[in-house]
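4 protein chains.
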Amino acid sequence: MSKKKLNVGIIGYGFMGRTHSNAFRTVNNFFDLEYEPVLKAVCARDGGKAKAFAEQWGYESVETDWKKLIARKDIDLIDIASPNNTHARIAEAAAAAGKMILCEKPLAMNGPQAEAMVKAVEKAKAPNMVWYNYRRVPAVTLAKQLIDEGRLGRIFHYRAKFLQDWTISKDLPQGGAGLWRLDAKVAGSGVTGDLLAHCIDTSLWLNGPIDKVTAMTETFVKERKHNLSGKVEKVSIDDASAFLARFSNGSLATFESTRYARGHKALYTFEINGEHASIFWDLHDLHRLQYFDHRDEGLTRGWRSLHITDSDHPYMKHWWVPGLQIGYEHTFVHQVADFLAGLSTGKPVSPTFREALETQKICDAVLASAKSGQWTNVG
Amino acid sequence: MSKKKLNVGIIGYGFMGRTHSNAFRTVNNFFDLEYEPVLKAVCARDGGKAKAFAEQWGYESVETDWKKLIARKDIDLIDIASPNNTHARIAEAAAAAGKMILCEKPLAMNGPQAEAMVKAVEKAKAPNMVWYNYRRVPAVTLAKQLIDEGRLGRIFHYRAKFLQDWTISKDLPQGGAGLWRLDAKVAGSGVTGDLLAHCIDTSLWLNGPIDKVTAMTETFVKERKHNLSGKVEKVSIDDASAFLARFSNGSLATFESTRYARGHKALYTFEINGEHASIFWDLHDLHRLQYFDHRDEGLTRGWRSLHITDSDHPYMKHWWVPGLQIGYEHTFVHQVADFLAGLSTGKPVSPTFREALETQKICDAVLASAKSGQWTNVG
Amino acid sequence: MSKKKLNVGIIGYGFMGRTHSNAFRTVNNFFDLEYEPVLKAVCARDGGKAKAFAEQWGYESVETDWKKLIARKDIDLIDIASPNNTHARIAEAAAAAGKMILCEKPLAMNGPQAEAMVKAVEKAKAPNMVWYNYRRVPAVTLAKQLIDEGRLGRIFHYRAKFLQDWTISKDLPQGGAGLWRLDAKVAGSGVTGDLLAHCIDTSLWLNGPIDKVTAMTETFVKERKHNLSGKVEKVSIDDASAFLARFSNGSLATFESTRYARGHKALYTFEINGEHASIFWDLHDLHRLQYFDHRDEGLTRGWRSLHITDSDHPYMKHWWVPGLQIGYEHTFVHQVADFLAGLSTGKPVSPTFREALETQKICDAVLASAKSGQWTNVG
Amino acid sequence: MSKKKLNVGIIGYGFMGRTHSNAFRTVNNFFDLEYEPVLKAVCARDGGKAKAFAEQWGYESVETDWKKLIARKDIDLIDIASPNNTHARIAEAAAAAGKMILCEKPLAMNGPQAEAMVKAVEKAKAPNMVWYNYRRVPAVTLAKQLIDEGRLGRIFHYRAKFLQDWTISKDLPQGGAGLWRLDAKVAGSGVTGDLLAHCIDTSLWLNGPIDKVTAMTETFVKERKHNLSGKVEKVSIDDASAFLARFSNGSLATFESTRYARGHKALYTFEINGEHASIFWDLHDLHRLQYFDHRDEGLTRGWRSLHITDSDHPYMKHWWVPGLQIGYEHTFVHQVADFLAGLSTGKPVSPTFREALETQKICDAVLASAKSGQWTNVG
């Protein structure tokens with residue numbers, strides 16, 4: 046049965062360029078889908094690097110100007126994997142040109158910018174999606190399923206953390222190239238947009254809207270050398286960001302992210318405590334879900350460590366056999382698979398730009414609260 | 046070598062009456078000390094229960110009026126293990142009578158009351174101590190030692206939780222007898238004074254003073270039947286309490302306690318992230334300390350699970366052999382051992398009433414902030 | 046209600062002297078029993094050490110000749126906590142003198158000696174018990190309960206290990222005093238009798254009789270200096286011992302013990318796999334039981350980590366509140382509590398000398414098989 | 046830079062056909078190599094299934110007779126992913142035809158057959174390799190590196206297990222199609238060749254040769270219905286297999302595998318205890334390595350949990366960033382990467398047919414010992 050080809054033009058060749066490319070390239074080996082992505086073009090300002098990337102991944106062509114890419118008739122889908130400050134312009138132009146759009150997270154530099162992007166894609170009726178990939182970790186998807194089935198009952202608590210330790214050294218430079226995440230002009234914010242945004246996106250999906258927050262942020266290292274200019278400059282981003290929140294469903298939450306938690310590489314964890322059951326997940330062991338059900342008989346009640354590798358676990362029938370785990374990159378494959386399936390059904394695939402806008406608004410509220418010291422309503 | 050006898054009069058026969066009595070009764074079997082506690086008298090309003098307790102534990106006599114107990118010449122030390130709203134009166138009277146005083150935590154109903162108690166014992170020069178027992182978990186004491194040796198370097202983050210789940214059922218009554226912890230008139234507050242106070246005490250010991258906090262509290266179940274009267278009454282305590290804090294040393298903190306975290310019986314955990322090293326501890330596996338040292342060679346760097354049962358670990362040479370763990374009650378034995386050793390040296394033993402006052406002030410700030418919605422300076 | 050006094054005479058003041066004394070001394074604080082042990086006398090050849098021990102623990106008197114102790118009319122119970130090569134003589138004499146007898150494990154130097162001891166106590170109708178204390182870890186007792194309820198179904202596999210690492214250094218001496226466990230003339234064997242005996246005792250209790258074994262043993266360090274004489278002598282004990290076994294119920298087993306497993310202090314673990322459910326336990330976290338039940342719904346099936354601190358868990362209603370763990374020494378308290386309760390009912394309390402004889406026979410078979418290289422039938 | 050094409054012809058489209066195909070198809074995206082595999086042909090008796098597989102994975106052509114595949118001039122490499130009883134014929138023919146050969150494990154039905162295969166490939170000087178993929182789990186490769194650096198010192202103990210639970214149900218049929226692993230005529234043996242072979246291969250790599258073994262095997266369910274004929278027939282395979290072993294380096298070992306260990310899906314674990322350090326690994330959390338180093342300072346000595354996701358860990362610089370784990374299939378990618386790199390250097394890549402022969406001999410000794418009840422020398 047021959048597939049419908051979907052011509053992909055990707056912008057950016059960095060870390061996310063690799064995860065997306067791998068997903069486009071392998072999804073049809075593991076999922077039976079009507080559509081098949083074709084790696085048509087990669088676009089980057091540095092033509093040499095774009096060419097090398099194209100060779101590595103099998104892209105058919107190279108562009109150095111994203112406007113030209115968007116103008117190409119043979120491109121169906123624009124995938125934005127470039128720094129945050131470029132998302133809005135590209136997405137709006139791509140929408141206007143009638144392309145489907147996938148966009149790296151966070152969607153935008155801030156809420157208003159995100160709002161405009163939502164308007165653009167909705168006006169264009171462009172299929173769109175944001176790469177909040179952690180929703181598609183099978184264990185996280187299973188958490189969603191258990192919650193939706195009502196197993197947890199009334200929710201009392203949500204807590205999420207995203208802890209890293211890679212910027213502790215004072216000798217680490219900031220600036221251009223691979224370090225744009227340390228530059229607020231390019232990234233929008235520090236850990237709030239980079240790490241907390243993931244935690245927030247998952248929480249909205251699992252636990253519904255957040256009403257208000259009170260936050261604090263901190264920049265531990267105040268000045269760093271720029272990696273290109275060599276000049277010592279003020280650090281513009283938040284190194285750490287934590288907030289208390291109240292969800293609309295009445296539950297209380299704590300959120301925290303930092304790049305100064307020694308010993309943690311990418312420790313995204315969340316826990317949700319309900320009347321009947323609780324769930325815990327941890328990115329460092331992403332193939333496991335911890336589940337406690339109070340309805341178990343008392344004598345043998347305890348936290349269950351679920352090894353999410355069975356064929357009835359979300360997405361897992363597409364992979365190997367029970368006991369054999371998958372890893373990080375597979376979340377992107379799942380997201381592409383769902384997006385392609387959505388093209389067949391015509392239904393939007395989550396998280397859309399509109400859903401990602403909600404996360405952006407909460408990030409804005411967090412940053413505003415950290416400045417004002419006040420509880421701040423969302424949106 | 047014969048010991049100096051120290052005659053103990055204890056007030057209260059509840060859960061804490063048992064832990065203290067066990068500590069007094071066994072400390073000299075395991076520690077070589079100049080002093081030896083003698084279980085002289087137990088005092089409780091219910092004479093029958095007091096008598097039964099005396100028989101169970103070997104107390105020589107029984108009182109039903111704490112004033113009489115304090116008036117007895119053969120009592121050297123008053124141990125307060127009665128509900129929170131009785132601490133101040135008893136302690137002040139005992140100090141005036143020239144007794145040594147041990148007091149259960151939290152020290153008082155609030156800061157001003159605690160302040161008066163501090164004045165009383167300091168004026169009387171009475172040896173005094175508050176039963177924040179978790180400082181004497183060997184793993185926690187080792188954490189203190191590692192921090193004091195400077196191994197963690199500059200501290201960036203502190204996070205503590207104390208999670209329980211025993212009040213989730215709406216059918217649980219509140220009120221008198223064993224349930225006074227659910228009555229704010231007796232307990233002072235809910236989880237803030239009962240659970241967070243432990244977290245705060247440990248944090249002050251490990252990480253120094255807290256400058257300011259912003260907090261939220263919640264009462265999930267608004268009304269409960271009184272266990273004696275049978276009347277449905279408004280719930281007066283906080284079921285959950287969480288706050289963000291800034292320590293004087295520049296580190297950021299999150300604290301949370303609740304009795305609505307399904308799956309957790311008494312999950313007190315703390316983690317502290319420093320420039321060089323991090324520490325994690327968990328009451329549910331209290332004999333372990335998790336330690337990460339970034340100065341380890343990269344290839345084999347990881348979180349170390351220390352089994353705190355070696356003779357060079359704090360307190361452990363007094364117990365068994367490596368690999369054989371001790372439990373909860375031993376923390377009280379350690380605290381008595383240290384108190385008795387302090388009598389020999391004449392040095393105050395931590396935490397004194399003055400140190401516990403600091404915790405009380407922070408609890409007050411937390412409750413005030415939860416009401417006002419504002420960042421609140423401590424004391 | 047006044048208790049019946051039970052006068053205890055203990056022989057030995059070493060590590061086991063301490064664990065037993067603590068059990069006798071505290072059991073009535075936590076358990077309501079008709080009988081109350083009285084620490085009447087401690088006996089040891091070194092009168093000075095015996096006296097110091099008596100003072101530390103509150104023994105009323107001291108003996109230096111165990112025959113005199115046995116001859117005393119005011120002694121009801123002889124507790125044998127002296128080296129293995131003394132057990133038989135003492136137990137036989139005590140039985141003849143009409144005493145109750147508790148004996149440290151392993152019961153004897155070998156099967157025939159143990160057989161004679163069994164005859165002696167049974168002829169005398171003396172209440173008797175062997176200190177295989179690990180049966181009374183609440184988690185282990187719960188395992189027994191779950192198995193007896195038939196929850197595991199047909200048993201396929203049993204595996205047990207007892208791993209230590211304290212004799213790896215070649216500089217460790219062997220010989221007298223605290224090191225008699227390294228001398229086969231005093232200990233009977235090395236890890237087979239010291240460590241494997243524990244594993245075997247538990248397995249017989251949980252899984253029934255063993256039919257046959259094939260074993261290997263090894264002495265890694267062939268010569269050591271004697272700690273008293275200073276002479277270098279051949280090492281007489283087995284440093285490591287492992288065997289395959291077939292249980293009468295058709296299940297297969299692997300057993301292993303060693304003092305050369307770097308990183309393990311006293312890692313006694315067992316796992317039992319049944320048709321429906323499996324159980325795992327680990328002495329290093331003795332307050333937990335791992336339980337897997339295949340009858341759980343597939344989607345949320347996983348190993349459950351049971352925190353054995355609830356009041357419906359074996360023995361735990363006598364201690365603290367959920368979440369607060371007990372430790373190693375409590376197993377001895379439980380064993381005394383059961384023994385005392387058995388005196389009231391008149392029923393033998395497990396493990397009796399007769400049950401411990403079975404373990405001795407298996408140890409003999411293991412050592413014989415290690416020598417012959419053949420599968421060896423038990424007893 | 047254009048790559049040298051390596052035309053692959055694969056035989057078999059089952060589970061292993063998928064893992065190999067994925068490896069061939071993605072290796073060049075992540076590794077910079079001179080060679081590039083081309084998915085030239087898939088061969089299977091069932092032409093329809095072969096065609097579907099070719100479409101799924103992008104194979105250019107289909108064969109239904111492996112002799113024709115081997116005869117094709119445009120095929121450089123024959124990859125054998127068909128049942129065990131076909132390996133020898135195919136490999137010998139492929140070697141005679143001058144092809145490179147990759148072969149699934151176990152190499153053969155038994156030692157003599159494997160021996161003939163070794164002769165064939167060595168005579169033909171055919172590059173050859175066997176898919177013992179677990180050597181290339183980064184954590185396992187790191188274990189090898191740490192051992193080769195001498196960090197563990199003298200080795201005392203090796204223990205390995207491979208536990209599954211998928212054949213416990215008596216209703217599971219045996220026989221053809223996907224169930225050939227339950228038929229000794231096709232598989233050679235049961236868990237010995239399927240699971241223990243993995244444990245043995247790793248152990249030989251990490252700990253050197255095994256001298257002798259004593260073993261037991263069991264078939265718990267004696268009869269099963271054939272899935273095609275419907276007839277109830279005797280079960281021919283071993284359901285469980287365990288053995289004791291002595292390595293040439295003087296260390297003792299226990300090995301066990303079963304498909305009757307309730308709760309374990311594919312729990313391959315090994316532990317190795319050395320004089321100075323110990324290592325533990327577990328397939329269910331394959332991205333972690335547990336490491337204990339006695340040379341660490343005593344106070345903070347403990348088992349380290351290494352999260353094998355850093356760029357200096359084996360293979361990991363080719364994947365994502367620290368903290369983000371890879372999974373099962375990547376082991377095959379690594380093995381292809383190493384094989385292709387070996388073509389460039391001309392050096393054999395481990396494990397070769399000759400190395401896999403050693404594993405076969407040990408499997409033979411295990412099965413022989415289980416029958417005879419005697420210690421059996423290897424090979």
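Residue numbers (the numbering used here), protein chains in the order written: chain A, 46 to 424; chain B, 46 to 424; chain C, 46 to 424; chain D, 46 to 424. Virtual Cβ for every residue (Gly too), placed ideally from N, Cα, C.
Interface partners of residue i on chain D, CB under 8 Å
{"i": "C/G195", "result": "Residues of chain D passing the Cβ test: none, with the nearest at roughly 14 Å."}
{"i": "C/M261", "result": "T259, L289, R291 and L297"}
{"i": "C/A415", "result": "Simply none; closest approach about 10 Å."}
{"i": "C/H132", "result": "The premise fails here: C/H132 is roughly 29 Å from chain D at the closest Cβ pair, so nothing lies under 8 Å."}
Contact set between residue i and chain D, taken where Cβ atoms lie within less than 9 Å
{"i": "A/K310", "result": "H352, T354, D355, V366, P367, G368 and L369"}
{"i": "C/I255", "result": "Under the 9 Å cutoff, chain D gives no residues; its nearest Cβ is about 13 Å from C/I255."}
Beta-carbon neighbours of residue i, restricted to chain A and to distances below 7 Å
{"i": "B/F265", "result": "F201"}
Chain A residues whose Cβ lies nearer than 8 Å to that of residue i
{"i": "C/Y336", "result": "T345 and G347"}
{"i": "B/E79", "result": "Chain A residues near B/E79: none, gap ~42 Å exceeds 8 Å."}
6 Å CB neighbourhood of residue i in its chain, flanking five on each side removed
{"i": "B/A260", "result": "F288, V411, S414 and A415"}
{"i": "D/R204", "result": "T299 and E316"}
{"i": "A/E79", "result": "K49 and S389"}
Chain-ordered chain B contacts of residue i [CB-CB under 7 Å]
{"i": "C/D330", "result": "D330"}
{"i": "A/W420", "result": "G418"}
{"i": "A/I213", "result": "E320"}
Member of the options whose CA lies at the smallest distance from the CA of residue i
{"i": "A/I364", "options": "A/K276, A/F69 and A/N73", "result": "The sequence shown places Trp at residue 364 of chain A, rather than the Ile named in the question. Comparing Cα positions, the closest option is A/N73."}
{"i": "D/F75", "options": "D/W250, D/Q419, D/V381 and D/I120", "result": "D/V381"}
{"i": "D/N173", "options": "D/D341, D/D409 and D/D121", "result": "D/D121"}
{"i": "B/R307", "options": "B/M145, B/W420 and B/W211", "result": "B/W211"}
Partner residues on chain D for residue i, Cβ-Cβ distance less than 7 Å
{"i": "A/T71", "result": "T71"}
Same chain, Cβ closer than 7 Å to residue i, neighbours up to 5 away in sequence not counted
{"i": "B/A184", "result": "W326, L331, H332, R333, L334 and I353"}
{"i": "D/T64", "result": "E374 and F377"}
{"i": "D/Y58", "result": "V87, A89, K94, A95 and F98"}
Listed by chain order, chain C residues near residue i by CB distance under 9 Å
{"i": "D/S323", "result": "D210, A306, R307, G308 and H309"}
{"i": "D/E342", "result": "Near D/E342 there are no residues of chain C at all, since even the closest Cβ is about 15 Å away, more than 9 Å."}
Neighbourhood of residue i by C-beta, 8 Å cutoff - its chain only, sequence neighbours within 5 removed
{"i": "C/L187", "result": "L334, L351, I353, H358 and P359"}
{"i": "C/L297", "result": "F201, H202, Y203, L289, A290 and R291"}
{"i": "C/D283", "result": "S234, G235, V236, T237, T262, E263, T264, L412 and A415"}
Point to revise | Contact residues within the segment 54-68 of chain A, judged by C-beta distance below 7 Å to chain C | key: Answer set for the segment 54-68 of chain A: empty.
**Study point:** alpha helix (DSSP H) runs wholly inside the segment 208-233 of chain C, at least 4 long, in chain order
**Key:** 229-232
Exercise for review: Scan the segment 106-139 of chain A and note each continuous beta strand (DSSP E) run of 3 residues or more that stays entirely inside, going in chain order.
Suggested key: 106-108 and 122-125, all fully within the segment 106-139 of chain A.
Check your understanding: Just by C-beta distance, which residues in the segment 100-121 of chain D are closer than 7 Å to chain A?
Key -> Q101 and W102
**Study point:** Sequence ranges, beta strand (DSSP E) only - wholly within the segment 59-84 of chain A, length at least 3
**Key:** none
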